[in-house]
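If you want the numbering used here, it's the 1-based position in the sequence shown plus 10.
The next block holds one structure in the form of structure tokens; read it before the comments.
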Amino acid sequence: MDTMPTTYCLDPQTLANNRKRVRAGDPALAPAVDALRAEADEALSAGPFSVTDKAVPAPSGDHHDYVSFGTYWWPDPDAPDGLPYIRRDGERNPEFLDDARADSSRLRRMGAAVEALAQAHYFRASDARYVEHAAALVRTWFVTPATRMNPHLAYGQAIPGRVTGRGIGIIDTSRLVYLVDAVGLLEGDGAWTAGDRGGLIAWFEAYLDWLLTSSHGQDERATTNNHGTWYDAQVASFALLVGREDVAGEVLAEVPARRIDPQIAPDGGQPEELARTRALSYSIFNLSALCCLAAMGEGVGVDLWGYRSPNGASIRAAIDWLLPYADAARAWPYP
11 MDTMPTTYCL DPQTLANNRK RVRAGDPALA PAVDALRAEA DEALSAGPFS VTDKAVPAPS
71 GDHHDYVSFG TYWWPDPDAP DGLPYIRRDG ERNPEFLDDA RADSSRLRRM GAAVEALAQA
131 HYFRASDARY VEHAAALVRT WFVTPATRMN PHLAYGQAIP GRVTGRGIGI IDTSRLVYLV
191 DAVGLLEGDG AWTAGDRGGL IAWFEAYLDW LLTSSHGQDE RATTNNHGTW YDAQVASFAL
251 LVGREDVAGE VLAEVPARRI DPQIAPDGGQ PEELARTRAL SYSIFNLSAL CCLAAMGEGV
311 GVDLWGYRSP NGASIRAAID WLLPYADAAR AWPYP
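What follows is the structure in structure tokens.
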């Protein structure tokens, strides 16, 4: 009988069941397996990625400090030097994807590659290169002294001419919730060593402490939209990874009052996200975080799937509200 994988957002029992189906040659899963294999094969040539690859260091002067810029901020056309930048919600400024200045694109590519490689390894276990390269990518970003990222986001989502970093920059590491699960799929393979795991745990212990104690972390926790939801998801996931079940339990117990009640309307809509210029994308994004929180709640005895607010709002209502728009023929009535 297969050992259950150590995952928090992804359901370990579903993963184990699907692995049995894949390895038994279930034809219903063949298209998904083929797509995953193609993605993992492409990821074999990805990276390695490091925050030290950028040409311009953080304001601290340390290349190990992560740097990113506010996605929707643009040069002011009425200012000779363009400063300070001005906000255009929903319009991405491509200059901030420049790898010479920012680490955000590198972080996304690293995470996506690790997820694909780890999943291909877990489901198929037919190519040792998958786990070896995934381990190398994780090691480079989080563990190796010469290339590791310092465990903080003091310079995340900077705005030229305004601030060198903001609390909302913590949204940049939201995908690390999925990376934590991906690493759980590597456990038990010789290419992913006890030293690798220990180094990764040490990094997330330090990052969790920064999230909980820094002014940026407190600012992000106080937000009332997807930023706050993903802050909670990160804290809960990282706390479970490093053995801080008490911290995870406290965060998850507060989700009904802090996230579900104020963020979901009785009909299941998400007003904070529907007010954005990319309302569908943000509604899905916030709901994804809520679903991760509900999945993690199962592991610590907090029932978020079954919770209903006094006015009837719930995560399930939010799913039901969005579900019809999975049909491309149905018009989306918001921006």
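All residues carry an ideal CB built from backbone N, CA and C; glycine is no exception.
message: Per DSSP, what are the beta-bridge partners of Val-77 in this structure?
response: Beta-bridge pairing links Val-77 to Tyr-165.
field: Given Val-187 as reference, the closest of Arg-172, Thr-174, Gly-121 once Cα atoms are compared
entry: Residue nearest to Val-187 within the set Arg-172, Thr-174, Gly-121 is Gly-121 (criterion: CA-CA distance).
- request: Output yes or no for whether 7 Å exceeds the beta carbon distance between Ala-201 and Val-124.
  value: In this structure, Val-124 does not lie closer than 7 Å to Ala-201 by Cβ.
message: If the criterion is Cβ atoms closer than 7 Å, does the pair Leu-61 and Asp-108 meet it?
response: For the record, residue 61 in the displayed sequence is Val; it is not Leu. At a Cβ-Cβ threshold of 7 Å, Val-61 and Asp-108 do not count as neighbours.
task: Give me whichever residues DSSP pairs with Ile-96 in a beta bridge.
output: In the DSSP output, where bridge partners are listed per residue, Ile-96 has Trp-84.
message: Any contact between the stretch 247 to 254 and the stretch 281 to 301? By contact I mean 3 or more CB pairs, one from each, below 8 Å.
response: Below 8 Å, too few C-beta pairs join the stretch 247 to 254 and the stretch 281 to 301 to call them touching: fewer than three.
query: Exposed or buried, Met-14, counting other C-beta atoms within 10 Å across all chains shown (16 or more means buried)?
result: Classification of Met-14: exposed, given that the 10 Å Cβ count is below 16.
Given Ala-34 as reference, the closest of Gly-166, Phe-133, Val-190, Ile-211 once Cα atoms are compared: Nearest of Gly-166, Phe-133, Val-190, Ile-211 to Ala-34, Cα basis: Phe-133.
task: Within 10 angstroms of the Cβ of Trp-240, are there 16 or more other Cβ atoms? Answer buried if so, exposed if not.
output: It counts as buried.
- prompt: Roughly how many whole angstroms lie between the Cα atoms of Val-312 and Gln-167?
  reply: When only Cα atoms are considered, Val-312 and Gln-167 end up about 33 Å apart.
query: Enumerated in chain order, which unbroken segments of the beta strand (DSSP E) with a length of 3 residues or greater are wholly contained in the stretch 154 to 227?
result: With a minimum length of 3 residues, the continuous beta strand (DSSP E) runs that stay inside the stretch 154 to 227 are 165 to 168.
- request: Compute the Euclidean distance between the alpha carbons of Asp-330 and Ala-323, then round it to the nearest angstrom.
  value: Straight through space, the alpha carbons of Ala-323 and Asp-330 are spaced by roughly 11 Å.
field: From Asn-27, Ala-110, Ala-89, Thr-81, residue whose alpha carbon lies closest to that of Asn-103
entry: Measuring from the Cα of Asn-103, the nearest candidate turns out to be Thr-81.
task: Look up Trp-315 in the DSSP assignment and say whether it is helix, strand or coil.
output: If DSSP states are grouped into helix, strand and coil, Trp-315 belongs with coil.
- prompt: What is the DSSP secondary structure of Val-66, reduced to helix, strand or coil?
  reply: Val-66: coil per DSSP, three-state reduction.
task: Determine the burial state of Pro-266: buried for a count of at least 16 other Cβ atoms within 10 Å of its Cβ, exposed for fewer.
output: It is buried - the Cβ of Pro-266 has at least 16 other Cβ atoms within 10 Å.
field: Touching by the beta-carbon criterion (3+ pairs, under 8 Å), the stretch 173 to 187 and the stretch 143 to 159
entry: The stretch 173 to 187 vs the stretch 143 to 159: no contact.
- request: Say whether the stretch 210 to 229 touches the stretch 277 to 285, bearing in mind that this needs 3 or more beta-carbon pairs closer than 8 Å, one atom from each stretch.
  value: Taking 8 Å as the limit for Cβ pairs, the verdict is that the stretch 277 to 285 does not touch the stretch 210 to 229.
- prompt: Buried or exposed: Met-11, going by 16 or more other Cβ atoms within 10 Å of its Cβ?
  reply: Below a pLDDT of 50, predicted positions are generally treated as unreliable, and Met-11, at 42, falls in that range; the measurement from the model is reported next regardless. In this structure Met-11 is exposed. Its beta-carbon is surrounded by fewer than 16 other beta-carbon atoms within 10 angstroms.
message: Going by C-alpha to C-alpha distance, which of Ala-68, Ala-40, Asn-321, Leu-290 sits closest to Gly-100?
response: Relative to Gly-100, the option among Ala-68, Ala-40, Asn-321, Leu-290 whose CA is nearest is Leu-290.
- prompt: Does Asn-27 come within less than 7 Å of chain C when only Cβ atoms are used?
  reply: Included in the structure is just one protein chain, with no chain C present.
query: What whole-angstrom Cβ distance do Leu-196 and Ala-144 have, given they're in contact under 8 Å?
result: Contact annotation, Leu-196 with Ala-144: C-beta distance approximately 6 Å; criterion of less than 8 Å satisfied.
field: Reduced DSSP secondary structure (H/G/I, E/B, other) of Glu-125
entry: DSSP places Glu-125 in helix when its eight states are reduced to three.
task: Have a look at Val-190 and Ala-89 and give me their C-alpha separation to the nearest angstrom.
output: Val-190 and Ala-89: Cα-Cα distance of roughly 44 Å.
- prompt: Rounded C-beta distance between Ala-258 and Val-310? I'm assuming under 8 Å.
  reply: For Ala-258 against Val-310, the beta-carbon gap comes to about 6 Å, under 8 Å, which counts as contact.
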